[in-house]
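S.K.: Here it is: the structure, laid out below.
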Amino acid sequence: SRAGKRRFAELLKMNARGLGSELKDSIPVTELSASGPFESHDLLRKGFSCVKNELLPSHPLELSEKNFQLNQDKMNFSTLRNIQGLFAPLKLQMEFKAVQQVQRLPFLSSSNLSLDILRGNDETIGFEDILNDPSQSEVMGEPHLMVEYKLGLL
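In structure tokens, the structure reads:
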């Protein structure tokens, strides 16, 4: 019991410090990052900062709209599970994951039509189909930076 408590305390400390701090050969990420009290805001990549937007959501429905597709999928999966059993939502989730993995490079636009077909969005036209289309953007992102960000190198 005492050894179990000691191991639990060690795991809590390791979790608080992160797994990388246990490796002797690794360099802590905090030394490489530009975060800290003297960090400057990157206007080119992040735009102008507004304290009000960081504290409060801009609209009461913003959080609901951000999580709409996730909530819709959960509701559809629970309905499908109640009607057809456990296998049907698991099969559909595997198909979603397989379809989401097939993409172009981050700086090229991709319609991801197969995901829209699986979700049933291929027969509807919404705001996201017309407004905020990346292929219609006035500014193209830096291809190398976008690929490095996608791979987790930045």
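Just add 201 to wherever you are in the sequence shown, counting from 1, and you've got our numbering.
Cβ atoms here follow ideal geometry from the backbone N, Cα and C, with glycine treated the same way.
#1: How should PRO261 be labelled, buried or exposed, when 16 other C-beta atoms within 10 angstroms of its C-beta is the threshold for buried?
#2: Looking at the structure shown, is ASP226 part of a helix, part of a strand, or coil, going by DSSP?
#3: Classify PRO290: buried if its beta carbon has 16 or more other beta carbons within 10 angstroms, exposed otherwise.
#4: Consult DSSP for ASN272 and reduce its assignment to one of helix, strand or coil.
#5: State the DSSP-derived secondary structure class of VAL300, mapped to helix, strand or coil.
#6: Is it true that the CB of SER311 sits closer than 8 Å to the CB of ARG320?
#7: Since I believe GLY342 is in contact with PHE308 (beta carbons under 8 Å), could you give me their beta-carbon distance rounded to a whole number of angstroms?
#8: With DSSP as the reference, label PHE249 as helix, strand or coil.
#9: Whose C-beta lies closer than 6 Å to the C-beta of ASP317 among residues of the same chain, with five residues either side of it excluded?
#10: Pick from LYS275, GLU263, LEU287 and LEU293: whose alpha carbon is nearest that of SER315?
#11: If you draw a straight line from the alpha carbon of LEU357 to that of SER241, how long is it in whole angstroms?
#12: Using the C-alpha atoms, what's the distance from ASN272 back to HIS345?
#13: Could you compute how far the alpha carbon of GLU329 sits from the alpha carbon of GLN285?
M.R.: If we stick to the structure as given:
#1: By the neighbour-count rule (16 or more Cβ atoms within 10 Å), PRO261 is not buried but exposed.
#2: Residue placement at ASP226 is flagged as unreliable, the pLDDT there being 47, under the threshold of 50; the coordinate-derived value follows with that caveat. When DSSP states are grouped into helix, strand and coil, ASP226 belongs to the coil group.
#3: buried
#4: helix
#5: helix
#6: no
#7: 6 Å
#8: Coil, per DSSP.
#9: ASP323
#10: Closest option to SER315, Cα to Cα, is LEU293.
#11: Nothing can be reported for residue 357: it is not among the residues displayed for the chain, which extend from 202 to 355.
#12: 34 Å
#13: 31 Å
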